Amino acid sequence: MSFNLKSDYQPAGDQPKAIDLLVNGIEFGRNQQILLGVTGSGKTFTTANVITRLNLPTLVIAHNKTLAAQLTQEFRTFFPDNAVEYFVSYYDYYQPEAYLAGTDTYIEKEADINDEIDRLRHRATSALLTRKDVIVVASVSAIYGLGSPDEYQKTVLILSQGQEIGREELISSLIDMHYVRSSSFERGTFNAKGNLIEIVPIGEERLYRIKLNGNSIQSIQVLELVTRSLLEETKTLTVFPAKHFVTSPEKMNKALKSIKNELDDRLKVLNKAGKNLEADRLERRTKYDLAMMKEVGYTNGIENYSRHLTGRKPGEPPYTLIDYFPEGFLTVIDESHVTVPQIGGMYAGDRARKDALIDFGFRLPSAYDNRPLKFNEFEAKLGPVIYLSATPGPYEKKHSQQLVEQIIRPTGLIDPQTDIRPIEGQVQDAIKEIEKETDLGHRVLVTTLTKKMAEDLAEHLQKEGVKSTYLHSEVDTIERIRTLDNLRLGKTEVLVGVNLLREGLDLPEVSMVLILDADKEGFLRSETSLVQTIGRAARNVRGRVILYADQVTGSMHRALAETDRRRKIQLDYNQKHNITPQTIKKEIESIIPQEEQLAEEWEKAIDINKLPNLIKDREKEMKRLAKELRFEEAALARDEAIQLRKMQRTLKLK
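Residue 132 in the working numbering sits at position 131 of the sequence shown, and the numbers go up by one each step.
This is the structure in structure tokens:
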């Protein structure tokens with residue numbers, strides 16, 4: 002099936018030219034290209050058109066889960082008939098296994114697996130193995146170890162009406178695929194009663210009832226999971242393994258011998274070095290894991306033995322999501338100036354953590370090979386790549402064979418005007434400018450160099466009668482959403498921040514950005530940071546930026562020159578085509594009213610008998626939001642359910 006792009010609008014501004022250049026570039030063998038798209042120019046829509054024209058399975062990599070979720074939602078809107086999947090780390094909370102030698106502290110791996118994200122990961126890999134029209138939006142999880150796609154595919158169970166298969170053979174196959182026999186009807190479980198076998202596939206939320214007649218399949222019914230109502234009858238069912246690390250019995254036996262041999266060799270090394278405690282610890286842990294793998298085919302931390310299970314040599318790259326893609330797939334790296342360095346740094350961090358685990362006898366040396374890809378290994382696995390960024394980094398600039406610019410916005414909006422003012426009296430001057438903008442009903446962003454400065458300035462502005470607050474990395478994700486909602490709703494007029502004001506803030510109400518201490522050269526005032534920060538005012542027709550500085554640094558000069566260059570191109574285009582810029586209109590989907598409504602409901606529901614229904618409502622809302630990939634809001638609903646449960650327990654005690 003081909004990609005079928007659906008949209009109410011056509012490419013506009015620079016988009017048609019950018020689409021043609023990128024498509025032609027790939028068709029002519031330019032395998033690394035940059036799409037330099039300014040903020041609000043529609044880079045995602047351009048990418049969707051490129052995917053449609055090339056008709057290639059596509060991997061999109063974003064630098065965090067939230068951006069990946071936003072991109073997934075956008076691509077699903079553009080491609081409702083195609084497979085758009087979401088692949089990120091499935092841990093709500095993840096503390097990796099580690100050993101701190103200085104305090105003799107072993108930290109066991111602790112993880113809360115988000116069930117919905119786990120389902121979506123399995124949906125992504127199964128889609129890649131069964132169809133061509135697939136877009137997978139991933140975080141850097143894409144470069145972390147996953148089971149062998151060949152073993153995964155070999156273990157897939159295809160069932161069809163009339164097929165010859167006995168009850169015990171079918172049950173045995175499901176167990177080999179790590180399905181658990183249970184009547185709970187959760188994903189990855191099955192139940193067998195008489196001639197009926199019911200399965201909930203790992204990537205689905207439906208129940209499949211297989212009716213056997215002797216040693217053949219009589220019928221396959223699809224049922225609604227909760228009500229068990231019949232949805233349809235189907236001729237075939239494809240069941241994918243319940244875990245990505247699956248191994249055939251032959252390979253498992255070979256792996257167990259290989260692990261035992263490595264253990265024997267390692268024990269000799271440790272004992273010879275006088276590390277008897279470490280040797281004893283390693284022997285106990287490894288033998289326990291071997292016993293578990295022999296009995297049930299799985300053990301916690303099985304990924305640490307992945308080299309043995311997949312038959313790889315020491316140092317060979319692990320299998321990852323990328324290996325599930327067919328040859329010649331397209332890769333799109335979003336916000337590449339952030340994502341590329343992030344990918345490059347993953348291996349070193351993982352290696353440093355494993356050193357202590359291996360030195361002190363918690364893991365075998367082969368655990369080193371359960372790792373993210375090195376950057377050169379990542380590069381080697383890719384076909385054509387498009388880097389998306391308003392400020393491409395040095396790697397992309399060096400390796401790109403074509404730079405495609407997307408400077409013109411479909412809305413006609415131009416990059417903001419910029420002004421440089423002295424640092425002396427910057428706070429007083431900023432307050433005057435803030436008052437002008439807020440009197441007109443607009444919002445202002447102020448960026449400082451430190452968290453303390455952000456907090457102090459926000460407090461000072463409040464004393465001056467300005468509705469202000471601060472935002473920095475210590476503000477948790479849910480509070481961050483509330484803060485941004487309040488800014489858009491006008492409950493807050495000024496937001497003071499540090500680095501969080503760079504990427505990913507879509508705030509059309511913001512008409513002014515104030516950059517304090519702009520001439521303090523460094524990471525927060527680099528050319529890239531300045532261009533990104535200036536771009537925060539580019540979604541409002543009145544957009545202006547003031548930089549407070551006593552000298553013009555090299556970074557300032559380059560950032561302002563680039564902004565002026567873009568403004569000139571945009572102004573000339575608007576004049577030529579008689580376009581009047583319009584501020585972006587974006588609906589405010591706030592979580593806040595939901596919370597206020599909930600607070601009222603809580604007051605009414607102090608009657609303990611009403612609390613169970615409120616708890617169920619919150620949990621239902623949590624699941625709905627998770628399905629829509631709105632994970633921060635889902636977490637908020639989860640926290641509210643927890644609070645209600647605490648209230649329920651308190652009232653019961655009274």
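From the three backbone atoms N, C-alpha and C, an ideal C-beta is built for every residue, glycine too. The structure displayed is predicted, hence computed values, not measured ones.
Note the first and the last residue of the continuous beta strand (DSSP E) segment covering residue i.
i    : result
F80  : Careful: F80 lies outside any beta strand (DSSP E) and carries neither H nor E.
E620 : Careful: E620 lies outside any beta strand (DSSP E), inside the alpha helix (DSSP H) at L612 to K628.
Taking the beta carbon of residue i as the centre, do at least 16 other beta carbons fall within 10 Å, making it buried, or is it exposed?
i    : result
D565 : exposed
Q402 : exposed
Y95  : Caution is warranted here: a pLDDT of 42 is assigned to Y95, below 50, making its placement in the model unreliable, and no coordinate value can be reported.
R132 : exposed
M557 : buried
V89  : buried
A292 : exposed
T228 : exposed
A280 : buried
V553 : exposed
A70  : buried
A459 : buried
N262 : exposed
V181 : exposed
G148 : buried
H578 : exposed
R207 : exposed
N1   : This structure gives no information on residue 1, because the portion of the chain shown stretches from 2 to 655.
T451 : exposed
G298 : buried
S390 : buried
R625 : exposed
Q407 : buried
E234 : exposed
K44  : buried
D57  : One point to set straight first is that residue 57 is Leu, not Asp, in the sequence displayed. Counting Cβ neighbours within 10 Å, L57 comes out buried, since at least 16 surround it.
L441 : exposed
R503 : Because R503 sits at a pLDDT of 49, beneath the cut-off of 50, its placement in the model cannot be relied upon, and the point is left open.
D335 : buried
R619 : buried
R285 : exposed
K244 : buried
My understanding is that residue i touches residue j, with C-beta atoms under 8 Å, so please give their C-beta distance in whole angstroms.
i    : j    : result
I136 : N83  : 7 Å
L175 : F191 : 5 Å
L238 : G362 : Not confirmed; about 46 Å, so no contact.
V532 : E563 : 6 Å
E438 : V445 : 5 Å
Q427 : L365 : The pair is not a contact, with the Cβ atoms about 58 Å apart (cut-off 8 Å).
May I ask you to list the residues that DSSP assigns as paired with residue i?
i    : result
A193 : I198
Q33  : V386
V495 : V445 and S469
A139 : I62 and F88
I547 : D420 and L515
G38  : Q407
V181 : T190
S161 : T237
Would you kindly report the start and end of the unbroken alpha helix (DSSP H) that includes residue i?
i    : result
R308 : S307 to T311
N214 : Segment R207 to N214 is the beta strand (DSSP E) holding N214; no alpha helix (DSSP H) there.
R54  : K44 to L55
R559 : G555 to K577
Y153 : P150 to T156
T287 : N277 to V297
Y348 : S337 to D360
L22  : Q16 to E28
A517 : Strictly speaking, residue 517 in this sequence is Leu, with Ala absent from that position. Premise fails: L517 is in no alpha helix (DSSP H) and is neither H nor E.
V333 : Premise fails: V333 lies in the beta strand (DSSP E), L331 to I334, not in any alpha helix (DSSP H).
V532 : E528 to I535
A128 : D116 to T131
Mind listing, in chain order, the continuous beta strand (DSSP E) runs of no fewer than 3 residues lying wholly within the region 384-456? Considered as a whole, the region 384-456 harbours 386-390, 403-407, 418-422 and 444-448 as its complete beta strand (DSSP E) runs of no fewer than 3 residues, in chain order.
Could I get the ranges of all uninterrupted beta strand (DSSP E) runs contained in the region 210-255, with 3 residues as the minimum, in chain order? Counting only runs of 3 or more, we get 217-225, 231-235 and 237-240.
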